[in-house]
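Visitor: For reference, the structure I am asking about is given below.
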Ligand SMILES: Cc1cc2nc3c(=O)[nH]c(=O)nc-3n(C[C@H](O)[C@H](O)[C@H](O)COP(=O)(O)OP(=O)(O)OC[C@H]3O[C@@H](n4cnc5c(N)ncnc54)[C@H](O)[C@@H]3O)c2cc1C
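Residue numbers (my numbering): 9 to 542.
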């Protein structure tokens, strides 16, 4: 089959273009070496925010992110949630307070675009009433509104909607080379992860949406994408510490975020130049980076030192190259690169830069360019108004619990992943399939089966992203084995294959867990791993 468009990379940008292009009538193939949103997208702070910081040096990015964030909220209400933030004030003198107040007044103009409330100024007593754990030297606080999102699900639902619009999805399939005639790209050579089988796929246009890999991918065709990759880490704490986000100050004065996210709290991020392999960035989180993040939380809330960190995770920003600036100051603008104009390589476009918050707009611009290159008439983009799969009004979870025998809180968590498609996954499931397979996270066999059968999950890591398997405090020791047995039954894994999947999954979980452990806790967990009975 000759595709109109082959897309390399199923992060938010590749999945977003696949959806848009399929909805506009193109024949699309989307190739992802692992699973939707598994790289930078999933490693983000998971906020569809306006980018308050960029207001200082990149106002267009703040504006476009705010406008597009509102659209993301409208098309995926089940995946997005409001995060009221407190910006606690400590050492800032009167001048700095006024300056921050004025800064947030300016940001209010953009906050309104995404449905946020105006900022407010709180005195010390009001701030402590909202967050009693704040350090005693707090002198007041400012508030602002942002929006959080399940970034894995946002990428997955874009891909699944693309499939419903006619696109062919190929997860766990890596593009290993281009098909070239002279300096014209005719398609891609792909390798399936399961079988190692390689095959050629022809396409009129190939779009490189490889995120931090974009430069390496373009080089295979003799083209260039200049990025300034930046590593960012986050730490996940075991519980939801509160209902407010906090704006934190690192020991070096940088801004970090504390974000309540589902049942957890996440804190981050760092931003350092990174020129290693993006696939291995998770293995390169250091104890010092974790300490930097915890220190920032503890400066605002001293109790943070007693919170239990569950894991640390890292991603690589695919920021557009700029010379002479600190990583923090780089613009988050995005660009669709036409390699015919830039490098004399026809049939190839690349995406560079961008933000999760403005992915939809980036995808719209890229799809416009693809239609233009194909010589097709312009077709109106509908991705800003067409709901993503499962979007719908929030149900009354207590009433729903009378229909599907699960606790309302568990149903709400499933609804935040599946929305109205919860009924497809859980409706009609028997009591055994509705029993949780994990004591730490609301994951049922029924949801695992749905993720495999309907959403195409092929590994236990896929289940982590699709149904939050092992996202709770057990970190997989409780639920990975039962989930592996369900997958083995559905996918026909042999006992040896099941063991390999399980080992690989637990090893990956350990990679995230190891940097947050010290001393006796580290020894204790090493012991638990040693006796794991899978
Ligand atoms: C620490 C951090 C925090 C951030 N926080 C925010 C935030 O809160 N809000 C916000 O708006 N933005 C945030 N961002 C930016 C945002 O995450 C990125 O702009 C966005 O996720 C990039 O998506 P992408 O699809 O371009 O890249 P990716 O998500 O990395 O997707 C690229 C995909 O290509 C695949 N791939 C690579 N090579 C191949 C190949 N040869 N064949 C097939 N597939 C391949 C990869 O597996 C990957 O899934 C953050 C970024 C970082 C690093």
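Glycine included, each C-beta is placed from N, C-alpha and C at the ideal position.
Determine, using beta carbons only, whether residue 3 and residue 40 come nearer to each other than 9 Å.
Guide: With the chain covering 9 to 542 only, the question about residue 3 has no answer from this structure.
Visitor: Does the Cβ-Cβ distance between residue 485 and residue 512 come in under 9 Å?
Guide: Against a cut-off of 9 Å, the Cβ pair of residue 512 and residue 485 comes out as no contact.
Visitor: By alpha-carbon positions, which one of 361, 56, 347, 351 ends up nearest to residue 341?
Guide: The candidate whose alpha carbon is nearest that of residue 341 is 361.
Visitor: Just how far apart, CA to CA, sit residue 260 and residue 465?
Guide: The alpha-carbon atoms of residue 260 and residue 465 are separated by roughly 42 Å.
Visitor: What's the C-alpha gap between residue 309 and residue 141?
Guide: Cα to Cα, residue 309 sits roughly 5 Å from residue 141.
Visitor: Going by other Cβ atoms of all chains shown within 10 Å of its Cβ, with 16 needed for buried, is residue 67 buried or exposed?
Guide: Answer is exposed; the Cβ neighbour count stays below 16.
Visitor: Is DSSP giving residue 423 helix, strand or coil here?
Guide: If DSSP states are grouped into helix, strand and coil, residue 423 belongs with the helices.
Visitor: Where does the unbroken alpha helix (DSSP H) through residue 67 begin, and where does it stop?
Guide: 67-83 is the span of the alpha helix (DSSP H), which, as asked, contains residue 67.
Visitor: Which class does residue 169 belong to by DSSP, given the choice of helix, strand or coil?
Guide: Note: residue 169 maps to helix in three-state DSSP.
Visitor: Helix, strand or coil for residue 295 per DSSP?
Guide: It is helical.
Visitor: Using 10 angstroms around the beta-carbon of residue 154, count the other beta-carbons present and answer buried if the total reaches 16, otherwise exposed.
Guide: Its Cβ being crowded by 16 or more others within 10 Å, residue 154 is buried.
Visitor: Return the chain-ordered list of same chain residues with a C-beta closer than 7 Å to the C-beta of residue 326, the five sequence neighbours on each side being excluded.
Guide: Closer than 7 Å at the Cβ level, and outside the excluded window around residue 326, lie 48, 219, 220, 222, 235, 237, 360, 361.
Visitor: Which residue wins for smallest C-alpha separation from residue 184, given the options 225, 167, 233, 172?
Guide: Checked all of 225, 167, 233, 172; the closest Cα to residue 184 is 225.
Visitor: How big is the Cα-Cα spacing for residue 98 and residue 248?
Guide: So the two alpha carbons sit approximately 24 Å from each other.
Visitor: Are there any heavy atoms of ligand 1 lying less than 8 Å away from the beta-carbon of residue 246, as far as the coordinates show?
Guide: No, Cβ of residue 246 sits at least 8 Å from all heavy atoms of ligand 1.
Visitor: In chain order, what residues of the same chain lie with their CB nearer than 6 Å to the CB of residue 193, ignoring the 5 residues before and after it?
Guide: Cβ within range, chain order: 186, 214, 229, 355, 356.
Visitor: Tell me which residue opens and which closes the beta strand (DSSP E) that residue 242 is part of.
Guide: Per DSSP, residue 242 belongs to the beta strand (DSSP E) from 238-245.
Visitor: For residue 55, list the residues DSSP reports as bridge partners.
Guide: In the DSSP output, where bridge partners are listed per residue, residue 55 has 156.
Visitor: Take every Cβ of the segment 172-179, pair it with every Cβ of the segment 21-36, and state whether three or more of those distances are shorter than 8 Å.
Guide: Short answer: they touch.
Visitor: Consult DSSP for residue 330 and reduce its assignment to one of helix, strand or coil.
Guide: Coil.
Visitor: Evaluate contact between the segment 435-449 and the segment 470-482, counting only Cβ atoms and requiring at least three cross-stretch pairs below 8 Å.
Guide: A contact exists between the segment 435-449 and the segment 470-482.
Visitor: With 16 other CB atoms within 10 Å as the buried threshold, where does residue 106 fall?
Guide: Looking at its Cβ environment, which holds fewer than 16 other Cβ atoms inside 10 Å, residue 106 is exposed.
Visitor: CB of residue 182 to nearest heavy atom of ligand 1: below 8 Å?
Guide: Correct: residue 182 has its Cβ closer than 8 Å to ligand 1.
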